[in-house]
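Only one structure is covered here, and it is reproduced in the block below.
There are 2 protein chains.
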Amino acid sequence: MAAKTTGGRGRASRGKPTSSDVAAAAGVSRSAVSFAFNRPDYISEATRDRILAVAQEIGYVPNTLARMLKAGQTNALGVLLPQSLAKIMENPYYARFLMGVGQVCDHEGLTMVLTPPLRDSMLKAIPYAAVDGFIVCGLETDRGEVAELARHRIPFVLVDSDPQEDVPSVDVDDHGGALAVMRHLLGLGHRRLAVLSIDPGPDKAVRGYRGPLARRMAGIVEALAEVGLTLDDVALAEVPVTRTDGYRATKTLIRQASPTAIVALSDVLAFGAVDALHDLGIAVPGQVSVTGFDDLVEAAWLRPRLTTVRQAIATKGRTAADFLISAIREEDQHPHQLLGTSLMIRESSGPVPAG
Amino acid sequence: MAAKTTGGRGRASRGKPTSSDVAAAAGVSRSAVSFAFNRPDYISEATRDRILAVAQEIGYVPNTLARMLKAGQTNALGVLLPQSLAKIMENPYYARFLMGVGQVCDHEGLTMVLTPPLRDSMLKAIPYAAVDGFIVCGLETDRGEVAELARHRIPFVLVDSDPQEDVPSVDVDDHGGALAVMRHLLGLGHRRLAVLSIDPGPDKAVRGYRGPLARRMAGIVEALAEVGLTLDDVALAEVPVTRTDGYRATKTLIRQASPTAIVALSDVLAFGAVDALHDLGIAVPGQVSVTGFDDLVEAAWLRPRLTTVRQAIATKGRTAADFLISAIREEDQHPHQLLGTSLMIRESSGPVPAG
DNA sequence: CTGAAAGCGCTTACAG
DNA sequence: CTGAAAGCGCTTACAG
């Protein structure tokens, strides 16, 4: 601990100067100091200048925390993430999503607070960050957090989740996207398919798929049914969304199922798949087609260019931030936005190879 | 504004419940409530359980702001960024850097607050976010902010900057990196070079290059001198660090200077350059070599794989976070870390074409 | 094991 | 235009 000079309440005291220090040094009351910063019109310009000069000199700036406490707002938007900060920043999907959120924050003069999953050690006393509300992200969410947030009357919006009646939410037409990409592949004649899917987390066994993953799987099942197939007819791998995991899983899928097409449920996984196929000497799309989901900026850079399902990720972030701001202002609506998806047919998918 | 029931200090009051509400409902004092959350050993288990149950029931959770104010710390690390949040999240370099910072935050149980450049409208009353300290990032920094932070005794560390004696800092051997990549290209016989550089910002005219850019330029000049050239002998474009800007600038450079090698001072710019050359039908490295700087993860995905200067970006973030934590704890050291760079020779650079 | 009191640093009616 | 006072919601010695 730092040594603290006790009795020093004057400017001689160690630590950050407070409004009292400024008041003493400028020979005015603390309110005058406050007015100098917040209500220029309440005091004479001369006094204000003097106070500000003194403040500048002794290095005073109003304590943000105290200000926030008084005001009852923080001017910060929280983003409650489904994974560790390190993992999130590694995932281009989130970079893009946070870009959207960031645009709104920039525009509204808000800061952005990134919060990793709540430590569920003590679900009672969640140490919420100092924010005005949360954007709750991600496939793996809505365990206890959502109920907790609602109970504590903290404004929030759900993203990539299972929409709830009375909570604002932003989602994407995952079902339609998955359906479209599957029909594309099936239309090209592919029947030996592998689905490179996203790890649904530990409680899938208990509760089945949820959120976007559930919708995407439903789209896949629907498309399969159209040609008389079921999920049992495709190879399935479920892995964390990293390029490395996509790479490894692809090698396994190829070995075990020798599919003619790999349907990745995320572009990042598709990147890994293309890499793996390249390293295996398998031509894309000559021998194996690969499709993604998301249409990250990087998807168009890849060679071959990736066929994928586009979703407007930045728009999703922007919309979520807008909805949150409305919720914070207690404009008591509960808007639900469903953004469209569209199939981007590029170079990584082609007709099933002859034979 | 929300309607506020005035005199209601009981649990009937609107808005979030406070410790008084819990105390009243549980028939104990406010301190007891506080103890239930913070000092389990100060009260009986039975009482604690009762208080916690009541808290849970009425949806009470201690106000974070008040807590922080009392404690004098926020458990949040601020990252002061050189650009708007939207731009930052668009740049893979920052994604990687923030990943490093995130790793430390994850480990230490800290949250991460992203702060765009301070609005210099009112340099006196900068509305600092509620954080324990700042990691100050970026080429364009150290205008007024650094002096302000120091004046206000806010702990901070400088990253990618011009190190100062008494401020912790983390930098990279930009000079060595630039020197190495230039020697590589010159060694391959290239003499008609174009440098695709980073926009130094508005006050370059006044103060010249600073920070990493200054060091990289110095490395370039040194390498040029070794073969009897000067900066006047190379084409130079200075643009914002986006793939699009790299793309456009490359087209211009090719038209105006027809270089045999393009030295990009950032991988993101190099990505754009490779794209532009591809679209122009110019072979890389057959006709034009391209090099980058950073060695982003994506650099190895590119085809041809990008020759570039590797810097340990995530480590930089991690080190910066560690230094900041030390500074916050007032372990009064001012460590300076200089991380190495290394030249990654891959496929995008080759010998100067004959003729 | 509990309760009244002070205080973290600020802002804001309110009376002068 | 200024100053004393209350209060934002919490925590923490302190005396019981």
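Residue numbers (UniProt numbering), protein chains in the order written: chain A, 1 to 355; chain B, 1 to 355. Note that CB positions come from ideal geometry on N, CA and C, so glycine has one too. The model shown is predicted, which means the values in this text are computed figures rather than measured ones.
Boundaries of the alpha helix (DSSP H) in which A:L324 is found, first to last residue: Looking up residue 324 of chain A in the first sequence gives position 324. Residues 313 to 328.
Buried or exposed (CB count within 10 angstroms, at least 16 for buried), A:Y60: The residue given as residue 60 of chain A occupies position 60 in the first sequence. With 16 or more Cβ atoms within 10 Å of its Cβ, A:Y60 is classed as buried.
Through-space distance from A:A273 to A:R243, alpha-carbon basis: Walking along the first sequence from the start, residue 243 of chain A turns up at place 243. Walking along the first sequence from the start, residue 273 of chain A turns up at place 273. Distance between the alpha carbons of A:R243 and A:A273 is about 8 Å.
A:L114: contacting residues in chain B (beta-carbon distance under 9 Å): Translated into the one-based positions of the first sequence, residue 114 of chain A becomes position 114. The answer, in chain order, is L98, G102, C105, T111, M112, V113, L114.
Start-to-end residues for the beta strand (DSSP E) that takes in A:E226: As a position in the first sequence, residue 226 of chain A is number 226, starting the count at 1. First-last for A:E226: 211 to 226, but that is the alpha helix (DSSP H), not the beta strand (DSSP E).
Spatial distance of A:E238 from A:A276 (CA atoms): Counted from its first residue, the first sequence places residue 238 of chain A at position 238. Counted from its first residue, the first sequence places residue 276 of chain A at position 276. Spanning the two alpha carbons is a distance of roughly 16 Å.
Per-residue contacts from B:A95 into chain A (C-beta, under 8 Å): As a first step, residue 95 of chain B must be located in the second sequence, where it is residue number 95. Those within 8 Å of B:A95 in chain A are M89, E90, P92, A95.
Residues within the stretch 133 to 157 of chain A neighbouring chain B, beta-carbon criterion of under 7 Å: R151, H152, R153
Straight-line gap, A:P335 to A:P155 (C-alpha atoms, nearest Å): Taking the first residue of the first sequence as position 1, residue 335 of chain A is located at position 335. Taking the first residue of the first sequence as position 1, residue 155 of chain A is located at position 155. The alpha-carbon atoms of A:P335 and A:P155 are separated by roughly 13 Å.
Distance between beta carbons of B:T308 and B:A299, contact taken as under 8 Å: Against the second sequence, residue 299 of chain B aligns to sequence position 299. Against the second sequence, residue 308 of chain B aligns to sequence position 308. Rounded, the Cβ-Cβ distance is 5 Å, consistent with contact.
Three-way DSSP call (helix, strand, coil) for A:Q337 in this model: Here residue 337 of chain A refers to the residue found at position 337 when the first sequence is read from its first residue. The answer is strand: DSSP assigns A:Q337 an E or B state.
Length-filtered (4 minimum) alpha helix (DSSP H) runs lying within the stretch 34 to 69 of chain B: 45 to 58
Cβ-Cβ separation, B:G211 to B:D162 (assumed contact under 8 Å), whole Å: As a position in the second sequence, residue 162 of chain B is number 162, starting the count at 1. As a position in the second sequence, residue 211 of chain B is number 211, starting the count at 1. Between B:G211 and B:D162 the Cβ distance is about 5 Å, and since that is below 8 Å, they are a contact.
Three CB pairs or more closer than 8 Å across the stretch 35 to 45 of chain B and the stretch 75 to 85 of chain B: no
Which residues DSSP lists as bridging A:I154, in chain order: Counting from 1 along the first sequence, the entry for residue 154 of chain A is found at position 154. Paired residue(s): none; A:I154 is not in a bridge.
CB-CB length for B:V268 against B:N91, believed under 8 Å: For this step, residue 268 of chain B is matched to residue 268 along the second sequence. For this step, residue 91 of chain B is matched to residue 91 along the second sequence. Indeed they touch by this definition, with Cβ atoms about 6 Å apart.
Span separating the alpha-carbon of B:A209 from that of B:V297: As a working mapping, residue 209 of chain B is identified with position 209 in the second sequence. As a working mapping, residue 297 of chain B is identified with position 297 in the second sequence. The question names Ala, but residue 209 of chain B in the sequence shown is Tyr. Rounded to whole angstroms, B:Y209 to B:V297 spans 28 Å at the Cα level.
Partner residues on chain A for B:K16, Cβ-Cβ distance less than 9 Å: Taking the second sequence and counting its residues from 1, the one referred to as residue 16 of chain B is at position 16. The answer, in chain order, is H152, R153, I154.
Euclidean distance between Cα positions of B:V159 and B:G109: In the second sequence, residue 159 of chain B corresponds to position 159, counting from 1. In the second sequence, residue 109 of chain B corresponds to position 109, counting from 1. Roughly 22 Å separates the two Cα atoms.
Rounded distance between the beta-carbons of B:V234 and B:A194, thought under 8 Å: In the second sequence, the residue the question calls residue 194 of chain B occupies position 194. In the second sequence, the residue the question calls residue 234 of chain B occupies position 234. With 8 Å as the limit, B:A194 and B:V234 qualify as a contact, their Cβ atoms being about 6 Å apart.
Within-8 Å CB hit, A:A320 to chain B: For the purposes of this step, residue 320 of chain A is taken as residue 320 along the first sequence, with counting starting at 1. Closer than 8 Å: no.
Where A:R153 falls, given that 16 or more other Cβ within 10 Å makes a residue buried: Here residue 153 of chain A corresponds to residue number 153 of the first sequence, with the count starting at 1. Taking all protein chains in view, the Cβ of A:R153 is surrounded by fewer than 16 other Cβ atoms within 10 Å, so the residue is classified as exposed.
Proximity test, A:I135 beta-carbon vs the ligand COA heavy atom, cut-off 7 Å: Looking for the ligand COA in the displayed structure turns up nothing, as the structure carries no ligands at all.
B:T64 at chain A interface by Cβ criterion, 8 Å: Walking along the second sequence from the start, residue 64 of chain B turns up at place 64. True, the Cβ-Cβ gap to chain A drops below 8 Å.
Backbone CA spacing between A:L306 and A:I345 [nearest angstrom]: Taking the first residue of the first sequence as position 1, residue 306 of chain A is located at position 306. Taking the first residue of the first sequence as position 1, residue 345 of chain A is located at position 345. Pairing A:L306 with A:I345, the inter-Cα distance amounts to about 8 Å.
For B:G231, three-class secondary structure by DSSP: In the second sequence, counting from the first residue as 1, residue 231 of chain B sits at position 231. With the sequence shown as reference, residue 231 of chain B is identified as Leu, and Gly is not the correct amino acid for it. For B:L231, the secondary structure class from DSSP, reduced to helix, strand or coil, is helix.
Residue range of the beta strand (DSSP E) that includes A:S197: For the purposes of this step, residue 197 of chain A is taken as residue 197 along the first sequence, with counting starting at 1. Unbroken beta strand (DSSP E) run through A:S197: 193 to 198.
Distance, B:R215 Cα to B:L236 Cα: Sequence index remark: in the second sequence, residue 236 of chain B carries index 236 (1-based). Sequence index remark: in the second sequence, residue 215 of chain B carries index 215 (1-based). Between B:L236 and B:R215, the alpha-carbon positions lie close to 16 Å from each other.
Straight-line gap, B:K16 to B:D132 (C-alpha atoms, nearest Å): Numbered from its first residue, the second sequence carries residue 16 of chain B at position 16. Numbered from its first residue, the second sequence carries residue 132 of chain B at position 132. Near 26 Å, if we compare the C-alpha coordinates of B:D132 and B:K16.
Contact set for A:A129: own chain, Cβ-Cβ below 6 Å, skip 5 residues either direction: Working through the first sequence from its first residue, we reach residue 129 of chain A at position 129. For A:A129, where only same-chain residues beyond five positions count, the Cβ hits under 6 Å are G78, V113, T115.
Cβ pair B:G350, B:G100 closer than 8 Å: Numbered from its first residue, the second sequence carries residue 350 of chain B at position 350. Numbered from its first residue, the second sequence carries residue 100 of chain B at position 100. No; because the gap between Cβ atoms is not below 8 Å, this pair is not in contact.
Local conformation of B:T308 per DSSP, three classes: Stepping through the second sequence from its first residue, residue 308 of chain B is reached at position 308. Strand.
Contacts that A:R303 makes with chain B (C-beta to C-beta distance below 8 Å): Counted from its first residue, the first sequence places residue 303 of chain A at position 303. Within 8 Å Cβ-Cβ: R303.
Rounded C-alpha distance that separates A:L229 from A:A320: Within the first sequence, the letter at position 229 stands for residue 229 of chain A. Within the first sequence, the letter at position 320 stands for residue 320 of chain A. Here the alpha carbons of A:A320 and A:L229 stand approximately 37 Å from one another.
Nearest neighbour of B:V352, chosen from B:V284, B:P168, B:L179, B:A32 [CA to CA]: Position 352 of the second sequence holds residue 352 of chain B. Ranking B:V284, B:P168, B:L179, B:A32 by Cα distance to B:V352 puts B:V284 first.
Chain A within 8 Å of B:S121, Cβ atoms only: Counting from 1 along the second sequence, the entry for residue 121 of chain B is found at position 121. At B:S121, the pLDDT of 40 sits below 50, so the modelled position is not reliable; the number obtained from the coordinates is stated separately. No, no contact with chain A.
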